[in-house]
DNA sequence: TCATTTTCTGAACGCCATTCAGTTGGAGGT
DNA sequence: ACCTCCAACTGAATGGCGTTCAGAAAATGA
């Protein structure tokens, strides 16, 4: 047996494993409960080991966020692939958004509530783009403009937040209710948007 | 001169001043930059002084959140008072929501991103209610139900988040753009909601 | 006046992020 | 095969943090 990790001084790929293990820890104890010290303890390395790969805690969290957006996009894409009608795609997108927030609650918190700075870490802004683009793609397929795409994304996001904040009753039905609400809301938004005369 | 604070051992009203000063500090350095130690240093009391009034840091933050919601409601109310038509009230509400998030950015973060638990601190849930009620009031005046009220609130909230996340270009026009977008979006939502047949 | 209770002090404790001087071991040249 | 270099890691230290606790000080109220 090769005993791939742990015992070796030069640890296969500590950088990647730090991110992987950080996500694991955050999933268990939440963002606020996460600490560098616990992370290094879990990996069996010195507390200073991460600093060879990341400037500080925030930089590591930024890497987690980048990974999180990749997962997010990877889950969004197949849900969209099964739907062809543009209107239905928008509804599916809103549902998927809410479901992701529910399924990966702690990770979702890192993405949006951990205060990771997009300008300090441009990779974060880059990783976020595919999601924004997916919304824009659905909306423009229906003849909507960027402003409507923003509105749709804001609405989906708002539902995800309300769900995370516990504003829906019942813990099992809450996700379904929020997803249904988000889907209905974005459709209403799309329908109402055009026939509005606004400045 | 009475030298009201600071020199006395029994400090006029330390509890209230802790909250006031915490809001001040959070406004200066953000939620993540806030610490109990700085707070007590600024007030010139021992590091352990707050624990006579609050169980822990979270309990103090919960008090800040309660105060924040009161300020939020106090700013929302007069904006609504000048508008009578139900449709216009909803738009005004959305604008006010976004403007509050922009004007009190750090405080807004505490309200929604600091992870203060509503169930652990019921006063927070209570303080939040007037805002939810205000949305519900506007929506029901138009004949909408609770689900539409939720949709409207989610949309306004989503715009506030996107604004705080820096997703609008230009730093001066961003607030205006977000407020306009939110207003337009909630109106579209209200208009589109009814004429949808959904389940 | 005196006992009681609240409010605050001062000195601890353990945990945290981060730094730094040094050690390790793999990679590339000779 | 050896040596040199460099990135990766260690181990010990620093200073800040939240929190606890025994006790002093002041307000309360009898």
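Residue numbers (this note's numbering), protein chains in the order written: chain P, 1 to 199; chain Y, 1001 to 1199. A virtual CB, placed ideally from N, CA and C, is assigned to each residue, including glycine.
Locate the alpha helix (DSSP H) running through residue i, then write down its first and last residues.
i	result
residue 110 of chain P	105-113
residue 180 of chain P	173-194
residue 1073 of chain Y	1057-1081
residue 1159 of chain Y	1146-1164
residue 30 of chain P	14-33
residue 200 of chain P	Any question about residue 200 of chain P goes unanswered here, given that chain P covers just 1 to 199.
residue 1037 of chain Y	1036-1043
Taking C-alpha atoms, which residue in the options lies nearest to residue i?
i	options	result
residue 1074 of chain Y	Y/1178, Y/1097, Y/1194 and Y/1020	Y/1097
residue 80 of chain P	P/34, P/93, P/71 and P/69	P/93
residue 1143 of chain Y	Y/1037, Y/1025 and Y/1190	Y/1190
residue 172 of chain P	P/19, P/25, P/67 and P/103	P/103
residue 121 of chain P	P/84, P/25 and P/64	P/64
residue 1139 of chain Y	Y/1110, Y/1089, Y/1028 and Y/1106	Y/1089
residue 110 of chain P	P/126, P/66, P/162 and P/13	P/66
residue 31 of chain P	P/62, P/162, P/174 and P/123	P/62
Between residue i and residue j, what straight-line distance do the alpha-carbon atoms span, to the nearest angstrom?
i	j	result
residue 185 of chain P	residue 1193 of chain Y	7 Å
residue 1179 of chain Y	residue 1112 of chain Y	19 Å
residue 71 of chain P	residue 1045 of chain Y	47 Å
residue 1108 of chain Y	residue 1100 of chain Y	8 Å
residue 15 of chain P	residue 116 of chain P	19 Å
residue 1060 of chain Y	residue 86 of chain P	48 Å
residue 150 of chain P	residue 39 of chain P	37 Å
residue 1082 of chain Y	residue 1135 of chain Y	16 Å
residue 1021 of chain Y	residue 164 of chain P	29 Å
residue 1114 of chain Y	residue 146 of chain P	30 Å
residue 1078 of chain Y	residue 132 of chain P	35 Å
residue 1019 of chain Y	residue 76 of chain P	42 Å
residue 1026 of chain Y	residue 1069 of chain Y	15 Å
residue 1221 of chain Y	residue 1013 of chain Y	Beyond the ends of chain Y as shown, which are 1001 and 1199, falls residue 1221 of chain Y; an answer cannot be given.
Buried or exposed for residue i, going by 16 or more other Cβ atoms inside 10 Å?
i	result
residue 1141 of chain Y	exposed
residue 277 of chain P	Nothing in the structure corresponds to residue 277 of chain P, since chain P is present only between 1 and 199.
residue 153 of chain P	buried
residue 1167 of chain Y	buried
residue 1119 of chain Y	exposed
residue 126 of chain P	exposed
residue 1007 of chain Y	The predicted position of residue 1007 of chain Y is uncertain, since its pLDDT is 41 and thus under 50; a value taken from the coordinates is nonetheless stated next. Exposed is the call here.
Within the present structure, is the beta-carbon of residue i separated from the nearest heavy atom of the ligand FAD by less than 7 Å?
i	result
residue 172 of chain P	Looking at this structure, you won't find the ligand FAD or any other ligand, since it has none at all.
For residue i, which residues from the same chain have a beta carbon less than 6 Å from its beta carbon, with the 5 sequence-adjacent residues on both sides left out?
i	result
residue 182 of chain P	94, 98, 156 and 159
residue 1187 of chain Y	1091
residue 1054 of chain Y	1060
residue 29 of chain P	none
residue 123 of chain P	66
In chain order, what residues of the same chain have a beta carbon less than 7 Å from the beta carbon of residue i, not counting five sequence neighbours either side?
i	result
residue 1057 of chain Y	1036
residue 23 of chain P	64, 67 and 107
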